[in-house]
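**Student:** So for the sequence shown, the UniProt record's numbering puts the first residue at 1; every next one is plus one. For glycine and all other residues, C-beta sits at the position ideal for the given N, C-alpha and C.
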Amino acid sequence: MMKLRFLSWVADFGSLELSPVDGRTLTDFMHTRGLQMRSLGQIVKLSEKLSHVQSLCVHEMIVRAFKHIVQSVIAATSDMRQLALTIAAVLNLLLGVPESEFSGSSPAVHPLVWRWLVAFLKKRYQYELTGQHYDDVRKYAILRGLCHKVGIELAPRDFVMDSAFPFCKQDIISLVPVHNKLRAHLQMEGNF
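1) Considering only residues of the same chain and omitting the five flanking positions on each side of V178, which have a CB-CB separation below 6 angstroms?
2) Give me the Cα-Cα distance between S163 and L91, rounded to the nearest whole angstrom.
3) Just how far apart, CA to CA, sit E99 and V44?
4) Contact between the region 139-151 and the region 13-25: three or more CB pairs below 8 angstroms?
5) Rounding to the nearest angstrom, what Cα-Cα distance links S105 and L93 in this structure?
6) Can you pull the DSSP bridge partners for L175?
7) By Cβ distance, which residues of its chain are closer than 7 angstroms to W73, with the 5 residues on each side in sequence left out?
8) Figure out for me which residue from K149, R5, L175 and V58 has the closest Cα to the Cα of T32.
9) Would you kindly work out how many angstroms separate the C-alpha atoms of L56 and D135, rounded to a whole number?
10) Could you give the C-beta distance for K67 and K123, rounded to a whole number, given that I count them as a contact under 8 angstroms?
11) Tell me which residue opens and which closes the alpha helix (DSSP H) that P111 is part of.
12) Which residues mark the beginning and the end of the alpha helix (DSSP H) in which L93 is found?
13) Just to confirm before moving on: does the CB-CB distance between Y125 and M30 stay below 7 angstroms?
14) Going by C-alpha distance, which of D28, S15, M161 and A11 is nearest A108?
15) Could you give the C-beta distance for L129 and L121, rounded to a whole number, given that I count them as a contact under 8 angstroms?
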């Protein structure tokens with residue numbers, strides 16, 4: 001039954017009846033059709049002829065995985081004066097290119113992050129992330145989705161994503177509370 005729903009949904013993508021352009025619209029489409037976000041891995045497998053759908057789903061899985069890391073780091077930070085520095089450090093680890101001592105590992109990502117990401121996507125989404133899929137990752141799209149989900153406000157500047165340290169303490173402007181339940185309620189009920 002669920003596989004038929006997934007196939008129908010993927011067919012809608014193929015006919016361009018549905019055309020999400022980012023993680024937010026993908027999430028909205030899935031939620032309005034009663035599909036769980038944990039099924040993103042199955043959607044990637046069923047949409048092998050639709051590379052744009054696969055790319056969008058892989059990006060959303062990576063954003064959601066990285067969200068868990070960033071939220072855990074924020075929650076574990078006891079000295080709030082160091083929060084901006086801590087967030088910059090975790091963004092550098094997740095999105096920066098590892099220094100040369102780690103060369104030969106997986107594609108342009110710290111080996112520890114790569115192993116965690118592969119294990120997380122396999123467990124949460126039943127999806128096997130490969131180096132080929134990660135090579136296609138657009139880091140700015142990941143950063144935008146991550147900032148939206150966690151509530152990070154960054155300074156407007158061009159980040160050099162192919163460096164080991166694209167972010168610094170001054171890049172973190174603020175944290176904005178994110179209330180998903182309230183946002184969904186307002187979308188269904190309308191603005192007051």
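**Tutor:** Reading off the structure:
1) G151
2) 12 angstroms
3) 31 angstroms
4) yes
5) With a pLDDT of 49 at S105, under the threshold of 50, the modelled position of that residue is not reliable, and no figure is offered here.
6) I152
7) Looking at the sequence shown, residue 73 is not Trp but Val. Excluding positions up to five away in sequence, the list reads T86 and V90.
8) R5
9) 14 angstroms
10) No, K67 and K123 are not in contact; Cβ-Cβ is about 15 angstroms, not under 8 angstroms.
11) P111 to Y125
12) L83 to L95
13) no
14) M161
15) 5 angstroms
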